[in-house]
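The structure under discussion appears below in the form of structure tokens.
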Amino acid sequence: AEEAPVGVMRGNFVRERTLTSPLLSPRRYRGLTLVLTFLCYTSYHLSRKPISIVKVRHPDVTPSLSPQSQLHPNCSALGPNPHNDSNSSTWCSWAPFDGDNYKELFGALDNAFLVAYAIGMFISGIFGERLPLRYYLSGGMVLSGLFTALFGLGYFWDIHVLWYFIVMQVCNGLVQTTGWPSVVACVGNWFGKGKRGLIMGIWNSHTSVGNILGSLIAGAWVSSAWGLSFVVPGIIIAVMGIICFFFLVECEWGDPEHSVTPGSVGPQATIFLLKDPEAVTSNEGPLSISGQSSTDRSDSPKEPAEEPEAISFLGALRIPGVVEFSLCLLFAKLVSYTFLYWLPLYIVNVAHFGAKEAGDLSTLFDVGGILGGIFAGLISDYTGGRATTCCVMLVIAAPMVSSMLIVCGALVNGPYALITTAVSADLGTHESLKGNAKALSTVTAIIDGTGSIGAALGPLLAGLISPTGWNNVFYMLIAADVLACLVGPSSAGLVLLPWVFKRSLFAACSPAEGRDGPRETSASIHLAFPSDLLHTRF
Numbered sequence: 047a048e049e050a051p052v053g054v055m056r057g058n059f060v061r062e063r064t065l066t067s068p069l070l071s072p073r074r075y076r077g078l079t080l081v082l083t084f085l086c087y088t089s090y091h092l093s094r095k096p097i098s099i100v101k102v103r104h105p106d107v108t109p110s111l112s113p114q115s116q117l118h119p120n121c122s123a124l125g126p127n128p129h130n131d132s133n134s135s136t137w138c139s140w141a142p143f144d145g146d147n148y149k150e151l152f153g154a155l156d157n158a159f160l161v162a163y164a165i166g167m168f169i170s171g172i173f174g175e176r177l178p179l180r181y182y183l184s185g186g187m188v189l190s191g192l193f194t195a196l197f198g199l200g201y202f203w204d205i206h207v208l209w210y211f212i213v214m215q216v217c218n219g220l221v222q223t224t225g226w227p228s229v230v231a232c233v234g235n236w237f238g239k240g241k242r243g244l245i246m247g248i249w250n251s252h253t254s255v256g257n258i259l260g261s262l263i264a265g266a267w268v269s270s271a272w273g274l275s276f277v278v279p280g281i282i283i284a285v286m287g288i289i290c291f292f293f294l295v296e297c298e299w300g301d302p303e304h305s306v307t308p309g310s311v312g313p314q315a316t317i318f319l320l321k322d323p324e325a326v327t328s329n330e331g332p333l334s335i336s337g338q339s340s341t342d343r344s345d346s347p348k349e350p351a352e353e354p355e356a357i358s359f360l361g362a363l364r365i366p367g368v369v370e371f372s373l374c375l376l377f378a379k380l381v382s383y384t385f386l387y388w389l390p391l392y393i394v395n396v397a398h399f400g401a402k403e404a405g406d407l408s409t410l411f412d413v414g415g416i417l418g419g420i421f422a423g424l425i426s427d428y429t430g431g432r433a434t435t436c437c438v439m440l441v442i443a444a445p446m447v448s449s450m451l452i453v454c455g456a457l458v459n460g461p462y463a464l465i466t467t468a469v470s471a472d473l474g475t476h477e478s479l480k481g482n483a484k485a486l487s488t489v490t491a492i493i494d495g496t497g498s499i500g501a502a503l504g505p506l507l508a509g510l511i512s513p514t515g516w517n518n519v520f521y522m523l524i525a526a527d528v529l530a531c532l533v534g535p536s537s538a539g540l541v542l543l544p545w546v547f548k549r550s551l552f553a554a555c556s557p558a559e560g561r562d563g564p565r566e567t568s569a570s571i572h573l574a575f576p577s578d579l580l581h582t583r584f
């Protein structure tokens, strides 16, 4: 049986000894879980940001408009070579990034992380369903802090071999996959489907918050000792992992006849139960660790029901909607990560802004991402149509890609945020599972893992296409946005459009029903495969 977090047990013990009531009622742990998971994943993104900061030039090093790397700066701007050797043009660069192929080496660092992350994500969800989420998440955060700090320690240990930095990136990419399936499963366990879109849209701003904080923290040391740009974020995520271990309450409880397993909200499980203070005075009797009252156990002993097994990888793929939304996220994430890695460079080269102005402008895309995630969640909660919301926003995003940054960020990252949060949580508790709720982590991992393939391909394609002209890069991004709506496994080659059609048709057939009526409960209407359209009963 899973025990309560040590911090929660200690807090409740002190509270009960002094005020005869728990420190927090069970329903208030929902807010604690939301805040903790927000801070946890903020620290994940915070620890990913230093590599992009260290690669970009610092204005104190090279004041020219041409973007330079802190690892490969323009040494002529710093004066004569103090070492008096023949290699005067790269004397201040950090080997092995001092050669003419330094851009390829930077690309290798990026792809080492992204490819490892994409591959590891498919495996991570399987472990997340079978291990206590609190242990899995906190362990992954501590290991992420370790590998992030080890990358920065290469500066202090005077390491100049490429394989060391590649290995640190690969290891970091693998252990960072523990984060997303775990935090989505925790939040999905606490919040029902009715408000998931809005709550997770607000909660999903941790990505942009982490990017902003990571830029500020890494930028504080990038020009003096770039190793600290990695060590400090590594310490932060490791400390957050320890806090998570002591205080994260991963599941909801309170029903005396049902308890909860790690990563699920199903019955007949074995996790600690803390009683709501309002229920203490009721006739339910004292609770034991297993969640049954002592009266129930003595009067009518029951055989414990067999706990449902965690879903397999192929079983998760059979859940209606998982494949479709995974492919949609692949192209949406391709666009989002291309902007993440290439937008500052585009602004410098095309708009002829300085590096600081380019960095400030590129953050507008993150601002739009926050607003878009909240807006998409709110609309999808109100209409009940996750697919419709994603499709409409992606269609509008295509012509906006080459114009307004805030609007584009909202329309691209809105569906991205919705699919990786509310949609993943909905599909992980889909009615086809027949009560087996142990699928949240696996479904989330499949969807985000597929999206991460797009995240790796986007910057790579942009690097190959950009020499032919930036207009061609934007044509590629527009095509990816359109493909996010159209490409898929069905015979007609459509993913989300059949879902949008079915959703709209069902709404037209039942105009008198509110969103809390059959429209909300008939998940099979908008979570069925396109081929099931003729077999759907309206």
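Start counting the sequence shown at 47; every next residue gets the next number (the working numbering).
The C-beta atom is built at its ideal place from N, Cα and C for all residues, glycine as well.
Local Cβ density within 10 Å of residue i, reported as buried at 16 or more and exposed below that
i	result
Leu510	exposed
Ala433	buried
Val229	buried
Ala271	exposed
Leu360	exposed
Val326	Per-residue confidence for Val326 stands at a pLDDT of 35, beneath the threshold of 50, marking its modelled position as unreliable; no derived number is given.
Pro557	In this predicted model, Pro557 has a pLDDT of only 46, less than 50, meaning its place in the structure is not dependable; the value taken from the coordinates is given anyway. Exposed: under 16 other Cβ atoms inside 10 Å.
Glu370	buried
Cys74	Reading the sequence as shown, one finds Arg at residue 74 and not Cys. Exposed, by the Cβ-count rule.
Val188	buried
Ile288	exposed
Val519	buried
Asp204	exposed
Gly145	exposed
Gly77	exposed
Extent of the continuous alpha helix (DSSP H) run through residue i
i	result
Gln215	208–221
Pro227	225–236
Lys149	148–176
Thr83	75–94
Val277	274–293
Val519	516–532
Phe143	Phe143 -> no alpha helix (DSSP H), and no H or E assigned at all.
Arg364	Careful: Arg364 lies outside any alpha helix (DSSP H) and carries neither H nor E.
Trp267	252–267
Gly430	Looking at the DSSP string, Gly430 is not in any alpha helix (DSSP H), and its letter there is neither H nor E.
Ser512	That residue, Ser512, is in no alpha helix (DSSP H); it is neither H nor E in DSSP.
Ser190	179–202
CB-CB length for residue i against residue j, believed under 8 angstroms
i	j	result
Pro513	Asp156	Wrong, their Cβ atoms sit about 18 angstroms apart, outside the cutoff.
Thr194	Ile283	7 angstroms
Arg180	Glu296	5 angstroms
Phe202	Gly273	5 angstroms
Leu363	Leu183	Going by Cβ atoms, the distance from Leu363 to Leu183 rounds to 24 angstroms, so no, they are not a contact pair.
Thr496	Leu376	5 angstroms
Val216	Ala164	No, Val216 and Ala164 are not in contact; Cβ-Cβ is about 12 angstroms, not under 8 angstroms.
Ile365	Val277	About 42 angstroms; that fails the 8 angstroms criterion.
Leu259	Leu92	5 angstroms
Thr79	Trp267	Thr79 to Trp267, Cβ: 33 angstroms. No contact.
Gly166	Ser487	Their Cβ separation, rounded to whole angstroms, is 13 angstroms, which puts Gly166 and Ser487 out of contact at 8 angstroms.
Leu440	Ala525	12 angstroms between Cβ atoms; not a contact.
6 angstroms CB neighbourhood of residue i in its chain, flanking five on each side removed
i	result
Leu199	none
Ser254	Asp412, Gly415, Ile416
Own chain partners of residue i with C-beta closer than 7 angstroms, once the 5 adjacent residues on each side are dropped
i	result
Thr384	Gly504, Pro505, Ala508, Leu523
Gly560	With a pLDDT of 42 at Gly560, under the threshold of 50, the predicted position of this residue should be treated as unreliable, and no value is reported.
Thr83	Val229, Cys232, Val233
Ser328	Only weak support is given to the placement of Ser328: the predicted model assigns it a pLDDT of 38, under 50, and the value that follows is read from those uncertain coordinates. Excluding residues within five positions, none has a Cβ falling inside 7 angstroms.
Residue from the options with nearest C-alpha to residue i
i	options	result
Met286	Val161, Val255, Ser190	Ser190
Gly280	Tyr90, Gly77, Asp494, Val528	Tyr90
Ser498	Phe168, Arg76, Met439	Phe168
Ile492	Gly174, Leu440, Val268	Gly174
Ala502	Ala378, Ser275, Leu410, Leu424	Ala378
Arg247	Leu424, Phe159, Asn147	Here residue 247 is Gly; the residue named in the question, Arg, does not match the sequence. The candidate whose alpha carbon is nearest that of Gly247 is Leu424.
Leu220	Ala158, Leu80, Leu244	Ala158
Gly265	Ile99, Thr223, Ile365, Trp236	Ile99
Asp494	Pro51, Thr79, Leu440, Ser372	Ser372
Ser261	Gln222, Pro96, Phe276	Pro96
Trp516	Ile442, Asn147, Trp388	Trp388
Leu192	Trp209, Met214, Asp204	Met214
Asn218	Asp204, Phe292, Asn235, Gly186	Gly186
Val438	Tyr521, Leu410, Asp527	Asp527
Val81	Arg94, Leu160, Ala525, Ile245	Ile245
Nonlocal neighbours in the same chain, by C-beta distance under 8 angstroms from residue i, ignoring five residues either side
i	result
Gly87	The question names Gly, yet the displayed sequence has Tyr at residue 87. These residues qualify, in order along the chain: Gly225, Trp226, Val229, His252, Thr253, Gly256.
Leu208	Pro142, Leu151, Ala154
Pro51	Arg180, Phe291, Phe292, Phe293, Leu294, Val295
Closer than 8 angstroms to chain D by CB, residue i
i	result
Gly418	In the structure shown, chain D cannot be found, because there is only a single protein chain.
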